[in-house]
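Notes to accompany the following structure.
Residue numbers (full-length UniProt numbering), protein chains in the order written: chain A, 1 to 325; chain B, 1 to 325.
And the structure:
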């Protein structure tokens, strides 16, 4: 993760762009790991940084802090944040808590707890918001690849791999050209206010409209996080297929069967994420394909179905008619 | 592994180049996996292929054989080869048994046993020979990377990672520009004759001479395999940093400390591989750095040490003097 350049740069720039907020202030780094974010905060002028790390990596963080000359500023606390005590409340919380598809194995509960316990009223949270997106995509590695491996048909292997993957989403880079429609927001979190209940389930039903012809073989998920900013455009850390790859890559749920779509074909799916009752750090993800004929489309749907073409025509006529003469 | 194009192509080409050897013959595929090599052999005209696979993947192999229309030619035997019985001896053994650094987790013992039990005298083995190489290299991911991560010194992290990796070689792609000297052969195996004893230990001592200035930070290992050929140049499957990447990548043993070398600096190391007594499918690898001053160099050594420069001068003078006048 330390080699994830977009991740490191987004945090560094968000912190350095807002040095005025950090100078002389107190910061809590939740799940500090090797301490890189704590050092960024110290470099930005924080008066005190509490770096809380539950694992033994805390020992390395102490060395990292020392080799950067901030042992007077950064206090390493080798503890779960749930068990930690701080001598004071803090002005800012920084944390890199995001897991695959934002929520997987994530530490968000710990960040929420830390915020409620240790952040001064009106304090800042870095990042401040997070958005989870989904979009239909092609997954050639799960389908097309297996039709011909050096002249050998291996469709049985593809089917087997898809069967195995239908129960677990896979983490891979989805090339932008494999994304078949505009993304939909699955979840938007304001980290100043979010509660654990807000992330226990998420469910959307989306009428995606194919932006090009292709093979509809899966749903891919990614997220972005936005940092507070008082001086510049807010910095966003994006894990979209449009942006440089990060260690989060994208998450793909493969469909049991593929569907050829044309440009403007509607692809209707229901996506649900639900916290596992056995392991609250895990989520069960389910994708259900719905029949575009049987589901209401949004009022202004750009798909090629007759009812949507007619509705668009009526709406456009109405807009023209209602223009001031 | 099925997506490893150099691997698939080398086997296919070696088999297809030698269709005359396969036509009407009997073949044993040891550790057949999903059966791709068995199908290649059937496509090349084999009369009978016995595909022996111990794991449940044998079931997928049966489907693959069927979807390619060779269920009359390929017999799937769901068994360890050690426990298998065949109704006849075979003309050819094909197997893709190679592990990381050739020997790791490898099935070579099974191939040897199958050869001794099932191959007709004078039968062919695909591949026929295998060579393991080593060379000094730079490993910037283990050293240089950690001196500056977005303005933060993280040498402690690098040291920790190196300490963890000193006990286990790592599998990564070594860019050719990180290889610092010509490779040395660690082990050469003739698969028609090799015995398990031949691969229980290997030890070399090598005076490598830097082909350029750089940071000597590790030893990397790779292998190549050569197939029998009766008509064309023998096909070689190479996993060298010079060749297109394979799923085997290269194997690197990182040194505890780095050494700056100049062009023509000698780098003397001893490399030993020894089969683990607890788990005979695993090997313990040890690299020992030796002092170039204290080790005899080869007769014609191209390094920049005075004794070698002098020896070279004498040898060259001798060669000139001994030329016919």
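Ideal Cβ placement from N, Cα and C applies to all residues, glycine included. For clarity, every value in this text was computed on a predicted model and none was experimentally measured.
query: Own chain, CB closer than 8 Å to residue 27/A, minus 5 neighbours either side, in chain order; result: 38, 41, 46, 48, 49, 50, 90, 91, 92, 93 and 94
query: Cβ contact check for the region 261 to 273 of chain B and the region 82 to 89 of chain B: 3 or more pairs under 8 Å; result: no
query: Neighbourhood of residue 108/A by C-beta distance below 7 Å, restricted to the same chain and skipping five residues each side; result: 97 and 199
query: Nearest-angstrom Cβ-Cβ length linking residue 53/A and residue 32/A, presumed shorter than 8 Å; result: 4 Å
query: Min CB distance residue 53/A to chain B below 8 Å; result: no
query: Chain A within 8 Å of residue 160/B, Cβ atoms only; result: yes
query: Strand pairing of residue 124/A, partner residues [DSSP]; result: 92/A
query: Positions along the UniProt domain "Protein arginine N-methyltransferase" (129 to 287) of chain A whose CB lies within less than 9 Å of some CB in chain B; result: 141, 145, 146, 149, 150, 151, 152, 153, 154, 155, 156, 157, 159 and 160
query: Distance, residue 10/B Cα to residue 4/B Cα; result: 10 Å
query: Where residue 248/A falls, given that 16 or more other Cβ within 10 Å makes a residue buried; result: buried
query: DSSP-derived helix/strand/coil call for residue 41/A; result: helix
query: Helix, strand or coil at residue 274/B [DSSP, three-state]; result: strand
query: Best match in 6/A, 16/A and 2/A for proximity to residue 403/A [C-alpha to C-alpha]; result: Absent from the model: residue 403/A. The displayed extent of chain A is 1 to 325, so no value can be given.
query: Extent of the continuous alpha helix (DSSP H) to which residue 61/A belongs; result: 57 to 67
query: Under 8 Å by beta carbon: chain C residues contacting residue 27/A; result: Among the chains of the structure shown, chain C does not appear; the protein chains present are A and B.
query: Three-way DSSP call (helix, strand, coil) for residue 316/B in this model; result: helix
query: Below-8 Å beta-carbon distance, residue 77/B vs any chain A residue; result: no
query: Cut-off 7 Å between Cβ atoms - residues of its own chain near residue 155/A, not counting five sequence neighbours on either side; result: 146 and 147
query: Terminal residues of the alpha helix (DSSP H) in which residue 156/A lies; result: 155 to 165
query: Reference residue 29/A; option with closest CA among 2/A, 13/A, 76/A and 71/A; result: 76/A
query: Between the CA atoms of residue 142/A and residue 277/A - distance to the nearest angstrom; result: 30 Å
query: Assigned secondary structure, residue 223/B (DSSP; H/G/I helix, E/B strand, else coil); result: strand
query: Contacts that residue 36/B makes with chain A (C-beta to C-beta distance below 8 Å); result: 149, 150, 152 and 154
query: Straight-line Cα distance separating residue 55/A from residue 61/A; result: 10 Å
query: Backbone CA spacing between residue 82/A and residue 300/A [nearest angstrom]; result: 47 Å
query: N- and C-terminal bounds of the beta strand (DSSP E) containing residue 250/A; result: 250 to 261
query: CB contact check: residue 72/B to chain A, cutoff 8 Å; result: no
query: Backbone CA spacing between residue 308/B and residue 314/B [nearest angstrom]; result: 10 Å
query: Segment contact, 8 Å Cβ cut-off, at least three pairs: the region 285 to 296 of chain B with the region 113 to 121 of chain B; result: no
query: Classification of residue 213/A by the beta-carbon crowding that lies within 10 angstroms, buried from 16 upward; result: exposed
query: Residue nearest to residue 80/A in terms of C-alpha spacing, selected from 74/A, 186/A, 182/A and 113/A; result: 113/A
query: Under 8 Å by beta carbon: chain A residues contacting residue 39/B; result: 152
query: Member of 241/A, 25/A, 18/A and 57/A whose CA lies at the smallest distance from the CA of residue 36/A; result: 57/A
query: Residue 322/B in three-state terms, based on DSSP; result: helix
query: Beta carbon proximity, residue 316/A to chain B, threshold 8 Å; result: no
query: Sequence-distant residues of the same chain with beta carbon closer than 6 Å to residue 12/A, five excluded per side; result: 40
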